[in-house]
Amino acid sequence: MDRIEIVQGDITKMETDAIVNAANNTLLGGGGVDGAIHRAAGPGLLEECRKLGGCETGGAKITKGYNLPAKYVIHTVGPVWHGGVTGEDELLASCYKNSLKLAVEHGIKTIAFPSISTGAYRFPVDRAARIAVREIVNFLKNDGNIEKVYIVCFDKRTREAYEKALEEIEKGG
Ligand code: AR6
Numbered sequence: 004m005d006r007i008e009i010v011q012g013d014i015t016k017m018e019t020d021a022i023v024n025a026a027n028n029t030l031l032g033g034g035g036v037d038g039a040i041h042r043a044a045g046p047g048l049l050e051e052c053r054k055l056g057g058c059e060t061g062g063a064k065i066t067k068g069y070n071l072p073a074k075y076v077i078h079t080v081g082p083v084w085h086g087g088v089t090g091e092d093e094l095l096a097s098c099y100k101n102s103l104k105l106a107v108e109h110g111i112k113t114i115a116f117p118s119i120s121t122g123a124y125r126f127p128v129d130r131a132a133r134i135a136v137r138e139i140v141n142f143l144k145n146d147g148n149i150e151k152v153y154i155v156c157f158d159k160r161t162r163e164a165y166e167k168a169l170e171e172i173e174k175g176g
């Protein structure tokens with residue numbers, strides 16, 4: 004699957020058409036990757052986010068990228084992990100599906116995802132990686148518009164989890 008690439012680094016530096024933000028329901032900023040994206044984008048991003056009226060968990064909304072190299076930011080809200088019994092898997096899958104759908108609607112050809120929900124929201128990274136990779140692979144199978152999806156992992160442990168998940172899917176597992 005050469006349309007998916009797992010990299011380790013800072014998503015705010017990605018020169019893709021869009022980067023995805025792991026936001027919260029308010030869409031008004033926070034810590035982690037959300038904080039980093041708002042800092043790098045500058046105040047215009049928060050100003051536009053204020054007009055969006057928040058976002059439901061599993062949903063996605065789009066803004067411009069302001070001072071980022073990326074033209075767009077797609078804000079999605081991952082589930083908080085509660086042990087896997089409150090629909091967390093399905094909600095996480097929706098984040099990837101809805102973000103990719105929105106990307107296609109905006110003519111986006113290259114997009115970078117962070118590891119949604121595996122930081123402050125405590126979703127187990129191996130499980131999140133399998134869901135993320137499965138959803139991206141399935142989406143790309145049925146879509147000819149998106150040329151490249153990057154998964155940008157901040158640390159080695161996260162990168163290894165996504166690499167393993169991708170290998171397993173490629174083996175047909
Ligand atoms: N580039 C790429 N990945 C990053 C970066 C970065 N610059 N910074 C952190 N990560 P988190 P969540 C990784 O907590 O679990 C916020 O306060 C991080 O190491 O950012 O979905 C929001 O406002 C981890 O692997 O997002 C919400 O309230 C991954 O990004 C809440 O956190 C996700 O960690 C969302 O929690």
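Numbers 4 to 176, taken from my numbering, label the letters of the sequence shown in order.
Glycine included, C-beta positions come from ideal geometry on N, C-alpha and C.
Please find out if some non-hydrogen atom of the ligand AR6 comes closer than 7 Å to the beta-carbon of residue i.
| i | result |
| --- | --- |
| Lys135 | Sequence check: residue 135 is Ala here, not Lys. For the ligand AR6, not one heavy atom lies less than 7 Å from the Cβ of Ala135. |
| Val36 | yes |
| Ala96 | no |
| Ala39 | yes |
| Tyr124 | yes |
| Asp158 | yes |
| Val76 | no |
| Pro72 | no |
| Ser120 | yes |
Measuring straight from C-alpha to C-alpha, what distance separates residue i and residue j?
| i | j | result |
| --- | --- | --- |
| Asn27 | Asp37 | 8 Å |
| Gln11 | Lys151 | 16 Å |
| Arg6 | Cys98 | 19 Å |
| Leu30 | Asp92 | 21 Å |
| Glu171 | Ser102 | 23 Å |
| Thr60 | Val107 | 20 Å |
| Ala73 | Ile9 | 18 Å |
| Gly57 | Glu51 | 11 Å |
| Leu94 | Phe126 | 11 Å |
| Lys144 | His85 | 31 Å |
| Asp146 | Arg137 | 14 Å |
| Lys54 | Lys174 | 44 Å |
Check whether the Cβ atoms of residue i and residue j lie closer than 8 Å to each other.
| i | j | result |
| --- | --- | --- |
| Met4 | Val155 | no |
| Ala96 | Thr79 | no |
| Ala25 | Gly35 | yes |
| Ala135 | Phe116 | yes |
| Gly81 | Ile139 | no |
| Asp13 | Ile114 | no |
| His109 | Ile65 | yes |
| Leu105 | Ile149 | no |
| Gly68 | Leu49 | no |
| Val128 | Arg160 | yes |
| Thr15 | Leu71 | yes |
| Tyr124 | Val88 | no |
| Lys112 | Phe142 | no |
Runs of beta strand (DSSP E) lying entirely within the segment 5–88, each at least 3 residues, in chain order | 7–11, 21–26, 63–67, 75–80
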